[in-house]
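Residue numbers (UniProt numbering): 1 to 455. Yeah, the Cβ is synthetic: ideal placement off N, Cα and C, and Gly gets one too.
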Ligand SMILES: NC(=O)c1ccc[n+]([C@@H]2O[C@H](COP(=O)([O-])OP(=O)(O)OC[C@H]3O[C@@H](n4cnc5c(N)ncnc54)[C@H](O)[C@@H]3O)[C@@H](O)[C@H]2O)c1
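In structure tokens form, the structure reads like this:
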């Protein structure tokens, strides 16, 4: 038995631990998207032997050819990782060679806005047959408390080929077990001020050996692991972080709506309040929530809460306010056009920004998609410009088939609508050449012009 951090490890975990500590361990990452690919690269850079698994053959082919499909990840990083032994595959049988397996697959909502755990379930089923004694399996996908214990572990136990059981919460077994933990991903897409490896990593194992193995694994790439007492605590931690953001964004969105009526500049208010050195953290209003996390994750908890006869009122209210924002933007487009004696119907509108957030190439749940739909319903002709999206085809909730319109001849548009405040745009120039600018992001801050409608 080896003792580490007050945890007594049986022999089957000791070997894995040594390899994790010396970074000679083999790590399998399942799901090579926005979370899994950067994680694979970090692990590879730290010296681990990394194998990426995905069902998307295009991604695997790209990675094997050293190509990147995520804007902010340069080719060279993929090629560097390849030289360190990083490979990608669709063949899950290679999972049996890994010391640890990390799952980073999507957790969206269904059409009825309920948790869609089909990706987690399918991935777990695909991985289960290959699980080996002493292996560590970590789930990173954001989800409600209980997913790891209630969904993942039963499948892994029932469908692995060696009759293995997850290490229970009592005495450490000497054989016949594997280890399971949950560790949420924390990422702020587009944020270049916080180095990724400086973001502390929360880890919660099904029991303490799993917590220890997962903590040591992540300490190989992050400055600090934060050990918590269970997978449920780790799952709930992620939801608290995102619900905190969702509720506070809803609060400033609501105050923006009121401030507009009162003739008060909410952005100036937030800047002034931010000078308070304690008890205030700024959040900013916008045209609605976007991304894979903030508009979705809170509803994982409100769905699970029903099992406990509990109504999560803050989450529901925040959802209601945030979801009303795209319609508010459309209302201000109509207001701006009206001042020019024009109707939305028949107007030609250039929307700036498809991404849900500045300087990123992600349009999942982007409010721009909803605004296009609402404007088209009212008879507007909508075009878009976004340096990050040459084209926009179809996704889970949209089917647009649009091509990026060059940012020129702005005079021809009845309205230029700023939906994303990308840094590449020259807002002075945009305002000077446009008839009307509706700004949902305060991107034109400081520019004095009667052509601007801020909303
Ligand atoms: N993107 C973010 O900024 C972010 C931040 C924090 C947490 N998260 C969470 O991380 C998880 C992953 O998000 P993402 O943004 O990386 O998603 P993504 O859609 O970018 O990537 C998921 C990948 O999983 C693959 N996949 C789907 N089913 C699979 C299966 N059965 N087997 C193997 N691969 C499969 C997909 O092909 C895709 O490449 C989600 O739960 C999300 O909520 C995301």
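Among all the DSSP beta bridges, which residues are the ones paired with residue 381? Paired residues: 348.
Spatial distance of residue 8 from residue 175 (CA atoms): 15 Å
Spell out a yes or no on whether the region 280-293 and the region 243-262 are touching, meaning 3 or more CB-CB pairs, one atom from each, closer than 8 Å. yes
Would you check if the region 353-370 and the region 417-425 touch, i.e. whether three or more CB-CB distances between them fall below 8 Å? yes
Going by DSSP, what residue range makes up the alpha helix (DSSP H) through residue 362? It is not in any alpha helix (DSSP H) - residue 362 carries neither H nor E in the DSSP assignment.
Check whether the Cβ atoms of residue 231 and residue 204 sit closer than 9 Å, and answer yes or no. yes
When you measure from the CB of residue 401 to every non-hydrogen atom of ligand 1, does any distance come out below 8 Å? no
Answer yes or no: the CB of residue 138 versus the heavy atoms of ligand 1, is any distance below 8 Å? The answer is no for residue 138.
Return yes when at least one heavy atom of ligand 1 lies under 8 Å from the C-beta of residue 362, else no. yes
Which listed residue (93, 173, 51) has its alpha carbon closest to that of residue 83: 51
For my contact list, residue 333 and residue 417 are in at a C-beta cut-off of 8 Å; report their separation, rounded to the angstrom. 6 Å
For the beta strand (DSSP E) that residue 410 lies in, which residues bound it at each end? Segment: none, residue 410 is in no beta strand (DSSP E) and carries neither H nor E.
Using a Cβ-based criterion (distance less than 8 Å to any ligand heavy atom), does residue 164 qualify as near ligand 1? Outside the cutoff, so no.
Residues that residue 439 bridges to, as DSSP identifies them: 418, 454
Can you tell me the Cβ-Cβ gap for residue 96 and residue 120, rounded? I've got them flagged as a contact below 8 Å. That belief does not hold up - the Cβ atoms of residue 96 and residue 120 are roughly 20 Å apart, past 8 Å.
To the nearest angstrom, how far is the alpha carbon of residue 260 from that of residue 326? 16 Å
Do you know how far the Cα of residue 154 is from the Cα of residue 380? 52 Å
Whole-angstrom C-beta distance between residue 181 and residue 210, which should lie under 8 Å: 4 Å
Among residues of its own chain, excluding the 5 on either side of residue 267, which ones have a beta-carbon nearer than 6 Å to its beta-carbon? 442
Of all the options 39, 214, 294, which has the alpha carbon lying nearest to the alpha carbon of residue 243? 294
By how many angstroms is the C-alpha of residue 102 removed from the C-alpha of residue 28? 6 Å
On the CB-based measure, 16 or more other CB atoms within 10 Å of its CB, does residue 227 come out buried or exposed? buried
Please go through the same chain and pick out, in chain order, the residues whose beta-carbon is closer than 8 Å to the beta-carbon of residue 213, but skip the five residues on each side of it. 13, 16, 17, 20, 100, 136, 179, 181, 205
Using only the alpha-carbon positions, how far apart do residue 219 and residue 201 sit? 8 Å
Would you kindly work out how many angstroms separate the C-alpha atoms of residue 10 and residue 107, rounded to a whole number? Answer to the nearest angstrom: the Cα atoms are 34 Å apart.
Is the beta carbon of residue 475 sitting closer than 9 Å to the one on residue 22? Nothing can be reported for residue 475: it is not among the residues displayed for the chain, which extend from 1 to 455.
Around the C-beta of residue 139, are 16 or more other C-beta atoms found within 10 angstroms, so that it is buried, or is it exposed? buried
Could you tell me if residue 328 is buried or exposed, where buried requires 16 or more neighbouring beta carbons within 10 angstroms of its beta carbon? buried
With a threshold of 8 Å on Cβ separation, who are the neighbours of residue 117 within its own chain once the five nearest residues in sequence on each side are excluded? 107, 143, 147, 151
Taking the Cβ atom as the reference point for each residue, do residue 34 and residue 70 lie within a distance shorter than 9 Å? Cβ atoms of residue 34 and residue 70: closer than 9 Å.
Assigned exposure category for residue 308 - 16 Cβ within 10 Å defines buried: exposed
In chain order, what residues of the same chain lie with their CB nearer than 7 Å to the CB of residue 221, ignoring the 5 residues before and after it? 42, 43, 46, 197
Any heavy atom of ligand 1 inside 8 Å of the beta-carbon of residue 105? yes
Strictly under 9 Å for the Cβ-Cβ distance: is residue 440 near chain D by that measure? The question asks about chain D, but that chain is absent: this structure has only one protein chain.
To which residues of the same chain is residue 104 closer than 6 Å at the C-beta, ignoring the five residues directly before and after it? 31, 35, 36, 140
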